[in-house]
Amino acid sequence: MKRSTRWLLALCGLGLGVLGAQAQATRPAAQARANGSGGPAAAATPVEARWQDSLDAFALADEAQAPPPGGVLFVGSSSIRLWSGLEAQFAGETIVKRGFGGSRMFDCAAYLERLVLPYKPRLVIVYAGDNDLAEGRTPQQVLASFSSFVEGVRRALPDTRIAFLSIKPSPLRSALMPQVVETNALVADYSRHTPNLDYIDIYSKMLDELGRPRAELFLPDALHLNTQGYALWRTVIADHLRAPAPPR
19 MKRSTRWLLA LCGLGLGVLG AQAQATRPAA QARANGSGGP AAAATPVEAR WQDSLDAFAL
79 ADEAQAPPPG GVLFVGSSSI RLWSGLEAQF AGETIVKRGF GGSRMFDCAA YLERLVLPYK
139 PRLVIVYAGD NDLAEGRTPQ QVLASFSSFV EGVRRALPDT RIAFLSIKPS PLRSALMPQV
199 VETNALVADY SRHTPNLDYI DIYSKMLDEL GRPRAELFLP DALHLNTQGY ALWRTVIADH
259 LRAPAPPR
């Protein structure tokens, strides 16, 4: 009887050890996804409740009138969502706006199957990373999320160009400017060494002669752009759209 009890305890211990090993093996992958380095597999992740309404609204708009393929897709956070009249800002271009307020670069990568792939754009312009830094993520983590976004688009749409719109210098977040500068530099360097990837600098154009954020470009909340701020963005982006694409 005692021998049977010892065998039973041994088998239970073995089972618990296997379960513990399995949990340990899956923990790094889960942590990598949380840090934005889990790759486009995050596309299968269930939608967070706070983004569900936005993603549902995009799907309903597509059902009502699907944008034609080959356009210019704007993806990102509230700076894209709040851009009033964006769809008519660039003559001769089919513009699709898919900004959802408060989103991070990590979210753009996680939901690219809903945000990017259905539209088969010739160009995706991404503005995100601002909120990542505000929540405490590092410039390296933002770059990892952007790289995941780029790789996911590449696999499904290899001919689509991607442009990163540099993180803006917001007066409200002036304490984060060192991290913003570092993130922009990391992404600019990554873009120089990655085919079909561009970096659009709006950061430097939003600084005054003393290197401070130009307050006249922002709403009273000192975070979001006003009409003058968006006019500047439009000019910079229009110059990019007119420039011939470099050879592949």
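Each residue of the sequence shown is one higher than the last, beginning at 19 in my numbering.
Just so you know, even glycine gets a beta-carbon here, dropped at the ideal spot from N, CA and C.
Terminal residues of the alpha helix (DSSP H) in which residue 80 lies
The residue labelled residue 80 in the question sits at position 62 within the sequence shown. Segment 67-82, the alpha helix (DSSP H) holding residue 80.
Integer Cβ distance of residue 267 from residue 259, believed to fall under 8 angstroms:
Only positions 19 to 266 of the chain appear in this structure, which leaves residue 267 out of reach.
Thinking C-beta only, is residue 79 closer than 8 angstroms to residue 141?
Residue numbering aside, residue 141 sits at position 123 when the sequence shown is read from its first letter. Residue numbering aside, residue 79 sits at position 61 when the sequence shown is read from its first letter. Against a cut-off of 8 angstroms, the Cβ pair of residue 79 and residue 141 comes out as no contact.
Which runs of the alpha helix (DSSP H) at least 4 residues long sit entirely within the stretch 123-171? Give them in chain order.
123-128, 130-133, 148-152
Residue 189 and residue 256 closer than 8 angstroms at C-beta
The residue you call residue 189 lines up with position 171 of the sequence shown. The residue you call residue 256 lines up with position 238 of the sequence shown. Result no, Cβ atoms of residue 189 and residue 256 do not sit closer than 8 angstroms.
What whole-angstrom Cβ distance do residue 220 and residue 199 have, given they're in contact under 8 angstroms?
Translated into positions along the sequence shown, residue 220 becomes position 202. Translated into positions along the sequence shown, residue 199 becomes position 181. Actually they are not in contact, since the Cβ atoms of residue 220 and residue 199 sit about 13 angstroms apart, beyond 8 angstroms.
Based on Cα-Cα distance, which residue from 138, 152, 184 lies nearest to residue 174?
Position 156 of the sequence shown, counted from the start, is the residue given in the question as residue 174. The shortest Cα separation from residue 174 among 138, 152, 184 belongs to 138.
Would you call residue 192 buried or exposed, if buried means 16 or more other Cβ atoms sit within 10 Å of its Cβ?
Residue 192 sits at position 174 when you count from the first residue of the sequence shown. When all chains shown are included, residue 192 counts as exposed.
Between which residues of its own chain and residue 125 is the CB-CB distance below 7 angstroms, once the five residues before and five after are set aside?
Along the sequence shown, one-based indexing puts residue 125 at 107. Excluding positions up to five away in sequence, the list reads 69.
When you compare the CB positions of residue 111 and residue 89, do they come within less than 8 angstroms of one another, or not?
By one-based count along the sequence shown, residue 111 stands at place 93. By one-based count along the sequence shown, residue 89 stands at place 71. In this structure, residue 89 lies closer than 8 angstroms to residue 111 by Cβ.
Same chain, Cβ closer than 6 angstroms to residue 184, five either side skipped, listed in chain order
Residue 184 sits at position 166 when you count from the first residue of the sequence shown. Correct list, in chain order: 202, 219, 220, 221.
For the beta strand (DSSP E) that residue 208 lies in, which residues bound it at each end?
Here residue 208 is taken as the residue at index 190 of the sequence shown, counted from 1. It is not in any beta strand (DSSP E) - residue 208 instead sits in the alpha helix (DSSP H) that spans 195-210.
Contact defined as beta carbons within less than 8 angstroms: I believe residue 186 pairs with residue 148. What is the distance between those atoms, to the nearest angstrom?
Counting from 1 along the sequence shown, the entry for residue 186 is found at position 168. Counting from 1 along the sequence shown, the entry for residue 148 is found at position 130. At roughly 7 angstroms, the Cβ-Cβ gap stays under 8 angstroms, so residue 186 and residue 148 are in contact.
Start and end residues, beta strand (DSSP E) containing residue 191
As a working mapping, residue 191 is identified with position 173 in the sequence shown. Per DSSP, residue 191 belongs to no beta strand (DSSP E) and is neither H nor E.
Quick check on residue 216: does DSSP put it in helix, strand or coil?
One-based indexing of the sequence shown puts residue 216 at position 198. Three-state DSSP puts residue 216 in a strand.
For residue 172 and residue 96, I'd like the C-alpha separation in whole angstroms.
Numbered from 1 along the sequence shown, position 154 holds the residue referred to as residue 172. Numbered from 1 along the sequence shown, position 78 holds the residue referred to as residue 96. Their backbone Cα atoms lie some 25 angstroms apart in a straight line.
Please list, in chain order, all residues of the same chain as residue 179 whose beta carbon is under 6 angstroms from its beta carbon, the five residues on each side excluded.
Taking the sequence shown and counting its residues from 1, the one referred to as residue 179 is at position 161. Excluding sequence neighbours, residue 179 sits near 141, 214.
Is the beta carbon of residue 98 less than 8 angstroms from the beta carbon of residue 105?
Your numbering for residue 98 matches position 80 in the sequence shown. Your numbering for residue 105 matches position 87 in the sequence shown. In this structure, residue 105 does not lie closer than 8 angstroms to residue 98 by Cβ.
Three-way DSSP call (helix, strand, coil) for residue 186 in this model:
Taking the first residue of the sequence shown as 1, we reach residue 186 at position 168. In the structure shown, residue 186 sits in coil (DSSP, three-state: anything other than H, G, I, E or B).
Please state the DSSP three-state secondary structure of residue 91.
Looking up residue 91 in the sequence shown gives position 73. Three-state DSSP puts residue 91 in a strand.
Rounded to the nearest angstrom, how far is the Cβ of residue 205 from that of residue 164, given a contact under 8 angstroms?
Walking along the sequence shown from the start, residue 205 turns up at place 187. Walking along the sequence shown from the start, residue 164 turns up at place 146. Yes, they are in contact, since the Cβ atoms of residue 205 and residue 164 sit about 6 angstroms apart, within 8 angstroms.
Along the beta strand (DSSP E) that carries residue 116, what are the first and last residues, could you check?
Residue mapping note: residue 116 aligns to position 98 of the sequence shown, counting from 1. Element bounds for residue 116: 113-117.
Would you list the one or two residues that DSSP bridges to residue 179?
Within the sequence shown, residue 179 is the residue found at index 161, counting from 1. 141.
For a test of the three-state rule: what should DSSP assign to residue 228, helix, strand or coil?
Start at 1 with the first residue of the sequence shown, and residue 228 comes out as number 210. If DSSP states are grouped into helix, strand and coil, residue 228 belongs with coil.
Taking the Cβ atom as the reference point for each residue, do residue 116 and residue 91 lie within a distance shorter than 8 angstroms?
The residue labelled residue 116 in the question sits at position 98 within the sequence shown. The residue labelled residue 91 in the question sits at position 73 within the sequence shown. It is a contact, given that the beta carbons lie within the stated cut-off.
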